[in-house]
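Chemist:
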Amino acid sequence: MSVPITPITTTLIAPVISVSMPLQVTGIGASYSQFLQSLGTYNYGAEYFYLYASTYAEIGQPVYYNHFDANGNSVSVFLPFAVDPYQQQPALFYETESDQIILTGLSSLQFTVYAGKTMYFKFFATIAYTGSELDDRNLPQGDNTFEELEKAEGISFFDDYCNYLIDNE
Amino acid sequence: MAIKRELIQFTIVNSTDCDYNIPMFQQNVYSVNATTKYSWDVTTAVLSCGTGTIVVNSITYPLTYAATLTGLLSALNALGFGFFCTETVSGSTYIYVVDDTNVYGDLDLCPSGITTTTTTTTTTAGTTTSTTTSTTTGVPTTSTTSTTTTVPTTSTTSTTTTGVPTTSTTSTTTTVPTTSTTSTTTTGVPTTSTTSTTTTVPSTSTTTTTTTGVPTTSTTSTTTTDVPTTSTTSTTTTVPETSTTTTTSTTTAPETSTTTTTSTTTAPETSTTTTTTTVAPTTTTTSTTTSTTTLFENLFFDANAGAGGYTITAIDVNGVTPTLVSGTNVPFNTDGHGFNTTQTGSNQTLNLSITVVLNGCITVTDSASNVSQQNINSSGNYAFTGLVINNTTAVQVSMADNAC
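Protein sequence lines, in the order shown, are assigned to chains A and B. Note that this note's numbering has the first sequence beginning at 5, numbered continuously upward. Note that this note's numbering has the second sequence beginning at 527, numbered continuously upward.
1. Apart from the five residues just before and just after B/V624, which ones in its own chain have a Cβ nearer than 6 angstroms to its Cβ?
2. For the stretch 85-117 of chain A, enumerate the residues whose C-beta is nearer than 8 angstroms to any C-beta of chain B, in chain order.
3. Compare the C-beta of A/I63 with all C-beta atoms of chain B and state if any pair is closer than 8 angstroms.
4. Hey, is B/A571's beta-carbon within less than 8 angstroms of any beta-carbon in chain A?
5. Please report the straight-line C-alpha distance between A/D171 and A/E151, rounded to a whole angstrom.
6. Less than 8 angstroms between the beta carbons of B/L913 and B/V921, yes or no?
7. Could you check whether the stretch 122-135 of chain A touches the stretch 532-539 of chain B, counting it as contact only if at least three pairs of C-beta atoms, one from each stretch, sit closer than 8 angstroms?
8. Under a Cβ-count criterion, where at least 16 other Cβ atoms within 10 Å of its own Cβ denotes burial, should A/T30 be classed as buried or exposed?
9. For the alpha helix (DSSP H) containing A/S22, name the first residue and the last one.
10. Using DSSP with H/G/I as helix, E/B as strand and the rest coil, what is B/Q869?
11. Please return the same chain residues whose Cβ sits closer than 6 angstroms to the Cβ of B/E767, not counting the five positions on each side in sequence.
12. Given that A/L43 touches chain B, what residues does it touch there, using C-beta distances under 8 angstroms?
13. Excluding the five sequence neighbours on either side, which residues of its own chain have a C-beta within less than 6 angstroms of the C-beta of B/S879, listed in chain order?
14. Below 8 angstroms between beta carbons is the criterion; list the residues of the stretch 580-600 of chain B that meet it against any residue of chain A, in chain order.
15. Does any C-beta atom of chain A lie closer than 8 angstroms to the C-beta of B/G576?
16. Going residue by residue through the stretch 78-138 of chain A, where are the continuous beta strand (DSSP E) segments of at least 3 residues, counting only ones entirely within it?
17. Within the continuous beta strand (DSSP E) that includes B/Q900, where are the two ends?
18. I want to verify the contact list: residues of chain B whose CB lies under 7 angstroms from the CB of A/I12, in sequence order.
19. Taking the beta carbon of B/E823 as the centre, do at least 16 other beta carbons fall within 10 Å, making it buried, or is it exposed?
20. Could you check the C-alpha separation between B/F827 and B/I585 for me, to the nearest Å?
21. Should the stretch 610-626 of chain B be called in touch with the stretch 14-25 of chain A, which here means at least 3 C-beta pairs below 8 angstroms?
22. If you drop the 5 nearest sequence neighbours on each side, which residues of the same chain put their C-beta closer than 7 angstroms to that of B/S872?
23. Going by C-alpha to C-alpha distance, which of B/V582, B/T577, B/N547 and B/Q553 sits closest to B/G853?
24. Chain A partners of B/S557, CB-CB under 9 angstroms?
25. Would DSSP call B/N877 helix, strand or coil?
26. Could you pull out every residue in the same chain whose Cβ sits closer than 7 angstroms to the Cβ of B/G608, ignoring the five residues on either side in sequence?
27. Tell me which residues share the same chain as B/S618 and place their Cβ nearer than 8 angstroms to its Cβ, disregarding the 5 neighbours each side in the sequence.
28. Which residues does DSSP pair with B/C887 in a beta bridge?
29. Since A/F127 meets chain B, which of its residues come closer than 7 angstroms, beta carbon to beta carbon?
30. Taking 7 angstroms as the limit between beta carbons, can you name the residues of its chain near B/T889, skipping five residues before and five after?
31. To the nearest angstrom, how far is the alpha carbon of B/V702 from that of B/T868?
32. Would you please verify whether the beta carbon of A/L16 is less than 8 angstroms from any beta carbon of chain B?
33. Please list, in chain order, the chain A residues whose beta carbon lies closer than 8 angstroms to that of B/T561.
34. How would you write the range of the alpha helix (DSSP H) that A/E62 sits in, first residue to last?
35. Taking C-beta to C-beta, are B/N901 and B/C887 nearer than 8 angstroms?
36. Starting from the C-beta of B/T894, find all residues in its chain whose C-beta is less than 7 angstroms away, skip the five residues before and the five after it, and write them out in chain order.
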C-alpha cells in the first residue's frame with residue numbers, strides 16, 4: 005500500500021512558462037492576458053506570420069491551427085512552415101489569407117516550445133470588432149450618428165458645407 | 527462591425543526542463559504566466575505498477591502510465607490541466623506543475639488497486655514428528671508468506687506453489703534438527719526468479735531442489751553454515767540463459783530448528799491459502815491474515831480527447847447499475863470516472879443514457895480489446911452489446927466530440 009504524496013505549494017517570483025508582449029514605444033503594451041480577454045469581441049485574421057528562435061528545429065516544427073467548423077466539429081490544420089535549407093537565420097516568414105487563420109479564443113495555434121528556449125512570434129492581423137458610434141456601420145439609415153441625424157432631419161449639412169468649400173476654393 | 531490592421535507580437539519563454547506543446551491564443555491554458563507551484567517529492571515513489579491517482583480540484587483522477595517518470599509525466603499532461611515537469615533539488619526528485627487556477631492535491635502512485643495478501647503461519651511444536659504442508663492455488667498480485675517453525679526431532683516441510691508470477695523471490699532459512707528433510711517444488715516459469723537458501727546443517731541433512739521450467743533470469747544462492755557428519759545435496763536445474771550458483775560450507779548443528787519461508791509474488795487478484803497441520807504438537811499457534819482491498823475498476827470513462835458536447839446521465843450493465851470507484855457519479859461530461867460492475871463475463875450489454883448538445887462519438891474497448899463505436903447525435907439511450915467484461919482489464923469508454 006502506497007502513501008499519497010502531498011504537494012508542496014510555493015509562489016514563484018516569475019512564471020516558468022511566460023508569454024509576454026514586448027515594450028511599446030509609448031510604454032508597456034497590452035499583456036497576453038488582455039489579448040486573450042479581447043478575443044471574441046475582437047477577432048484577429050492573421051495575414052503574415054514571423055517566427056524567430058535560436059534553432060532551426062524550433063521554427064521548422066509542425067504547427068497546427070485548431071478551430072471549429074460550422075457544424076461544431078473541431079478541425080486541426082497543419083501549417084507547412086518549411087525551413088529553407090540555405091537560409092542563414094533561424095527565422096521564418098509565412099503568408100496567409102486573412103480569412104484562413106482566425107483567432108477567436110476558441111481557436112489556437114499549437115506548437116512545441118522546447119525546454120529552456122525562447123521563441124519570438126509576430127503576426128500582422130486584420131482585426132474585426134463591434135464598432136463604436138463613430139465607426140462605419142453600413143446601416144441603411146446611415147454609416148454613423150451624423151448621417152443618421154441628417155437623414156432624420158432631411159438635411160445634408162456636412163455634404164452642403166463640403167460643396168460650399170469646394171465651390172469657393 | 528469595424529475593421530483595422532495591427533502588428534501583434536509575443537515572446538514565449540519556457541524556462542523549465544521539459545518541452546511543452548502549447549496551444550497559443552487559446553483561453554483557459556492555465557500554466558501560461560502562472561506563478562503558483564505545486565511540487566510532489568517522488569524520490570522514493572514506486573512507479574512499477576503503472577497506475578495511480580491525483581487529486582485536482584478535489585476530484586480524484588486515475589492515472590495509467592508506462593512505469594517510468596517520463597510515462598507518468600505524459601499521463602499527467604494528458605489530463606488536460608497544467609503542464610507537468612520534473613526537477614532535482616538537493617538530491618530529491620520532484621514532479622511539479624505551475625497553475626494559478628486549478629488546485630492540486632495528493633499524488634498517489636501504485637495505490638490500493640493492488641491486492642496484497644499476507645499470510646503468517648507460526649507453529650511451535652514439541653512433539654517428536656511434525657508435518658506442515660502449504661498449498662497455494664492462484665497467484666496474487668503481491669503475496670508475502672512468512673512461516674516460522676520450531677522443528678522437533680524429526681521435521682518434514684513441503685511447499686508447493688502453482689501459478690507463474692511475474693517476479694518470484696523465495697527465501698528459506700532452516701536451522702535443522704537431528705534429521706531434517708526439506709523439499710521445495712516450483713511449477714511454472716516466472717520472468718525473474720531468485721531463490722536463496724540458508725541451512726545450518728545437522729548430523730544428517732538432505733536437501734532436494736527441483737525447478738521445472740527455465741526463467742529468463744535465474745539467480746540461485748545457497749549458503750550452508752556447519753558441515754554435518756553426513757550431507758547429501760542434490761540439485762536438478764534446467765539451466766536458464768543466465769545462472770549464478772554460489773555454495774559455501776562450514777559447521778555445528780543445533781537441537782532446535784527454525785524454518786522461515788518468505789515469498790513475494792506478483793500476479794492475479796485472487797489468492798487462496800490453505801494451511802493444514804496434522805499430528806498436533808504440544809502447543810500450536812496458527813494465525814492467518816488475508817486482506818484484500820478495493821473493488822476492481824472494470825469500467826472507465828475517458829474523455830481525454832475532449833467531450834463537452836454531451837452528458838452521460840445514467841449507466842447500467844444488463845440493467846444493473848455499477849458502483850462508483852473513482853471520480854464523480856453521473857451526470858458527467860468530463861474525464862475520469864471509474865466504476866465496478868458485477869456483470870462480468872462475455873456478451874454483456876452496456877447501456878448509456880445521454881443528453882446531447884453537440885455531436886460526438888463514443889468508442890468502447892472491452893476487456894478482450896474488442897472495439898465498438900457509436901455516433902452520439904441525439905439525446906436518448908445508447909446500448910453497446912456483446913461486450914467482454916472481466917476484472918483484469920478495464921473496459922475503456924472513450925468520449926469525444928465530433929462524429930466517429
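Beta carbons are placed, not taken as given, at the ideal position from N, Cα and C, and that holds for glycine.
Modeler: A quick look at the data gives this:
1. Here residue 624 of chain B refers to the residue found at position 98 of the second sequence. If we look at B/V624 and ignore the five residues flanking it on each side, its Cβ neighbours are S557, A560 and K563.
2. Cβ contacts with chain B: L107, G109, L110, S111, S112, L113, Q114, F115, T116 and V117.
3. Here the question's residue 63 of chain A lines up with position 59 in the first sequence. Using a Cβ-Cβ cut-off of 8 angstroms, A/I63 does not count as an interface residue toward chain B, since no Cβ of chain B sits closer than that to its own.
4. Mapped onto the second sequence, residue 571 of chain B falls at position 45. Output row for B/A571: interface = yes.
5. Mapped onto the first sequence, residue 171 of chain A falls at position 167. Mapped onto the first sequence, residue 151 of chain A falls at position 147. If I take the Cα positions, the gap works out to 22 angstroms.
6. On the second sequence, residue 913 of chain B is found 387 positions in, with the first residue counted as 1. On the second sequence, residue 921 of chain B is found 395 positions in, with the first residue counted as 1. Between B/L913 and B/V921, the C-beta gap is smaller than 8 angstroms, which places the two residues in contact.
7. As far as the Cβ criterion goes, the stretch 122-135 of chain A touches the stretch 532-539 of chain B, which means the pair count is three or higher.
8. Residue mapping note: residue 30 of chain A aligns to position 26 of the first sequence, counting from 1. The pLDDT assigned to A/T30 is 49, lower than 50, so where the model puts this residue is not dependable; a value taken from the coordinates is nonetheless given after this. Classification of A/T30: exposed, given that the 10 Å Cβ count is below 16.
9. In the first sequence, residue 22 of chain A corresponds to position 18, counting from 1. No alpha helix (DSSP H) holds A/S22; the beta strand (DSSP E) holding it covers I21 to S24.
10. Start at 1 with the first residue of the second sequence, and residue 869 of chain B comes out as number 343. Coil.
11. In the second sequence, counting from the first residue as 1, residue 767 of chain B sits at position 241. Summary for B/E767: the model assigns pLDDT 45, below 50, so the residue's position carries little reliability; its value from the coordinates is reported in the next sentence. The answer is none, since no qualifying residue turns up.
12. Counting from 1 along the first sequence, the entry for residue 43 of chain A is found at position 39. In chain order: F551 and Q553.
13. In the second sequence, the residue the question calls residue 879 of chain B occupies position 353. Apart from sequence neighbours up to five positions away, the residues of its chain that approach B/S879 with a beta-carbon distance below 6 angstroms are T839, A840 and N907, ordered along the chain.
14. So the list is empty, because no residue satisfies the distance condition.
15. Reading the second sequence from its first residue, position 50 is the one you call residue 576 of chain B. Closer than 8 angstroms to the CB of B/G576 there is not a single CB belonging to chain A.
16. Scanning the stretch 78-138 of chain A for uninterrupted beta strand (DSSP E) segments of 3 residues or longer gives 78-83, 95-99, 105-107, 112-117 and 122-133, listed from N- to C-terminal end.
17. Here residue 900 of chain B is taken as the residue at index 374 of the second sequence, counted from 1. That run of the beta strand (DSSP E) goes V897 to I902.
18. Within the first sequence, numbered from 1, the residue matching residue 12 of chain A stands at position 8. Correct list: S565.
19. Walking along the second sequence from the start, residue 823 of chain B turns up at place 297. Result: buried.
20. Along the second sequence, read from residue 1 onward, the residue named residue 827 of chain B stands at position 301. Along the second sequence, read from residue 1 onward, the residue named residue 585 of chain B stands at position 59. Their Cα atoms are separated by approximately 14 angstroms.
21. The answer is yes - the stretch 14-25 of chain A touches the stretch 610-626 of chain B, with three or more Cβ pairs under 8 angstroms.
22. Position 346 of the second sequence, counted from the first residue, corresponds to residue 872 of chain B. Correct list, in chain order: V914.
23. As a working note, residue 853 of chain B is residue 327 in the second sequence. Comparing Cα-Cα distances from B/G853 to each of B/V582, B/T577, B/N547 and B/Q553, the minimum goes to B/V582.
24. Here residue 557 of chain B corresponds to residue number 31 of the second sequence, with the count starting at 1. Residues of chain A whose Cβ lies closer than 9 angstroms to the Cβ of B/S557 are, in chain order, P19, V20 and I21.
25. Position 351 of the second sequence holds residue 877 of chain B. Three-state result, B/N877: strand.
26. Mapped onto the second sequence, residue 608 of chain B falls at position 82. Counting only residues of its own chain and dropping the five nearest sequence neighbours on each side, B/G608 has a CB closer than 7 angstroms to the CB of Y556, S557, V623, V624, D625 and N628.
27. Your numbering for residue 618 of chain B matches position 92 in the second sequence. D567 and T569, listed in sequence order.
28. As a first step, residue 887 of chain B must be located in the second sequence, where it is residue number 361. For B/C887, the pairing in a beta bridge is given by DSSP as B/N901 and B/A926.
29. Walking along the first sequence from the start, residue 127 of chain A turns up at place 123. Near A/F127 (Cβ distances below 7 angstroms), the residues of chain B are I534.
30. To locate residue 889 of chain B, count along the second sequence from 1; it is residue 363. If we look at B/T889 and ignore the five residues flanking it on each side, its Cβ neighbours are V897, Q899 and S924.
31. Working through the second sequence from its first residue, we reach residue 702 of chain B at position 176. Working through the second sequence from its first residue, we reach residue 868 of chain B at position 342. Only weak support is given to the placement of B/V702: the predicted model assigns it a pLDDT of 48, under 50, and the question is left unresolved by the model.
32. Numbered from 1 along the first sequence, position 12 holds the residue referred to as residue 16 of chain A. Any Cβ of chain B closer than 8 angstroms to the Cβ of A/L16 would place that residue at the interface, and such an atom is present.
33. Working through the second sequence from its first residue, we reach residue 561 of chain B at position 35. At a C-beta separation below 8 angstroms, B/T561 has these neighbours in chain A: T15, L16, I17, A18 and P19.
34. Here the question's residue 62 of chain A lines up with position 58 in the first sequence. Where A/E62 is concerned, the enclosing alpha helix (DSSP H) stretches over Y60 to I63.
35. Here the question's residue 901 of chain B lines up with position 375 in the second sequence. Here the question's residue 887 of chain B lines up with position 361 in the second sequence. Yes, the Cβ-Cβ distance between B/N901 and B/C887 is below 8 angstroms.
36. Counting from 1 along the second sequence, the entry for residue 894 of chain B is found at position 368. A small fix is needed here, since residue 894 of chain B is Ala in this sequence, not Thr. For B/A894, the CB contacts under 7 angstroms within the same chain, skipping 5 residues up- and downstream, are V914 in chain order.
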